[in-house]
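Trainee: Numbered continuously in the UniProt record's numbering, the sequence shown closes out at residue 328.
Just so it is clear, CB atoms sit at the ideal spot from N, CA and C, and this is done for glycine as well.
Computed from a predicted structure; not experimentally measured.
Would you mind keeping the following structure in view while I ask a few things?
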Amino acid sequence: MRFPRSSACRSFPDLDGDARHRRSTPSGRARCGRLGRVGAVSASLREPILDWYAEHNRDLPWRRPEATPWGILVSEIMLQQTPVARVLPVWTEWMERWPTPEALAKESPGEAVRHWGRLGYPRRALNLHACARAITTDHEGRVPSTYDELLALPGIGDYTAAAVASFAYGGSHAVLDTNVRRVLARAVRGEEYPPKAPTAAERRLAESLVPPVGAPRWAVAVMELGALVCTARAPRCERCPVTSRCAWRLAGRPAHDGPARQGQTYAGTDRQCRGRLLAVLREAHGPVPKQALDAVWADHVQRERALDGLLDDGLAETLPDGTYQLPS
């Protein structure tokens with residue numbers, strides 16, 4: 001992740017929209033007052049978090065000055081729902097094998113799935129391969145630099161588009177991943193966890209915090225704080241640089257009062273079954289008979305359902321002779 005000496009400046013919308021109309025009523029004045037207090041508190045978070053990041057950030061290859069926009073895009077897709085420790089070796093191998101989008105685009109989608117290994121959610125490998133082809137065909141092999149162009153790539157959503165535009169090109173965007181959303185929920189809104197899906201209010205808050213200079217560094221600093229200190233299950237408040245002004249801690253760390261948060265299960269699920277079947281295809285380096293797939297999962301109904309899912313998702317394909325292989 002590179003941080004250019006100069007970042008693009010951007011003006012941000014008022015936290016509460018058309019304030020001129022609302023100031024004409026008492027309720028509008030009260031709302032503006034609340035938003036002003038939120039803005040003042042949130043702005044005071046920047047300096048201590050940036051200072052903390054300067055001392056405690058992890059040395060990750062996609063954050064180094066020599067990291068390419070392609071390497072940053074690959075890292076952002078791999079890091080979705082996957083911890084850094086698992087991503088590092090796969091990212092390193094991937095970049096050695098496919099240092100440019102063109103290099104990956106020349107391979108079959110199946111090779112991308114094969115080298116994705118056990119990172120999980122293997123459709124991301126297909127998305128990355130489709131991105132490589134689109135970048136090669138439509139952008140002359142150069143990862144696009146704008147949010148809108150990135151968002152138009154296959155499988156790229158709001159977060160990834162904002163992250164790549166920021167970290168690879170110094171753009172000024174609100175980068176809202178799970179870690180950032182959790183830090184802002186606690187520090188500013190006084191809530192243990194953010195809503196399941198990002199809301200308009202969260203986005204307005206995040207945009208109000210983006211500094212006019214150094215936006216990419218601010219984004220990664222908040223992200224790092226959420227990953228290392230303000231964690232989901234056991235936040236280390238004693239190590240937090242903004243613990244003295246964190247709204248959640250000052251309120252006594254109230255428990256989450258929204259819908260119950262359930263941890264993901266894996267053992268015995270369709271997802272585990274899919275992983276077993278896909279592992280057979282990855283390791284075979286060629287077509288495999290149906291019996292080879294049947295041997296790795298006992299439950300016939302679940303196995304067939306998982307296999308159908310792999311075929312529907314384009315992660316596997318059937319040959320005329322009834323054998324199976326990775327997508328070609």
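#1: One question on the structure: do N127 and G170 come within less than 8 Å of each other, judged by their Cβ atoms?
#2: At what residues does the alpha helix (DSSP H) containing T269 begin and finish?
#3: For the alpha helix (DSSP H) containing H115, list its first residue and its last residue.
#4: Helix, strand or coil for V288, going by three-state DSSP, please let me know.
#5: Distance check for A161 and D148, CA to CA, integer angstroms please.
#6: With a floor of 4 residues, list each alpha helix (DSSP H) that falls wholly inside the UniProt domain "HhH-GPD" (78–228), ordered by position along the chain.
#7: Measuring straight from C-alpha to C-alpha, what distance separates A168 and L228?
#8: Please report how far the alpha carbon of A174 lies from the alpha carbon of P259, in whole angstroms.
#9: Just mark E55 as buried or exposed, buried being the case when its beta carbon has 16 or more other beta carbons within 10 Å.
#10: Between I77 and P235, what straight-line distance do the alpha-carbon atoms span, to the nearest angstrom?
#11: When DSSP builds the beta bridges, which residues end up paired with T318?
#12: For T136, which residues in the same chain have their Cβ closer than 7 Å to its Cβ, ignoring the five residues on either side in sequence?
#13: Going by DSSP in three states, S44 sits in which element: helix, strand or coil?
Mentor: Walking through what the data contain:
#1: no
#2: Element bounds for T269: n/a, residue is neither H nor E.
#3: 109–116
#4: strand
#5: 8 Å
#6: 84–97, 101–105, 109–116, 123–138, 147–151, 158–169, 178–187, 200–209, 215–228
#7: 23 Å
#8: 26 Å
#9: exposed
#10: 26 Å
#11: Y324
#12: P101, E102, A105
#13: coil
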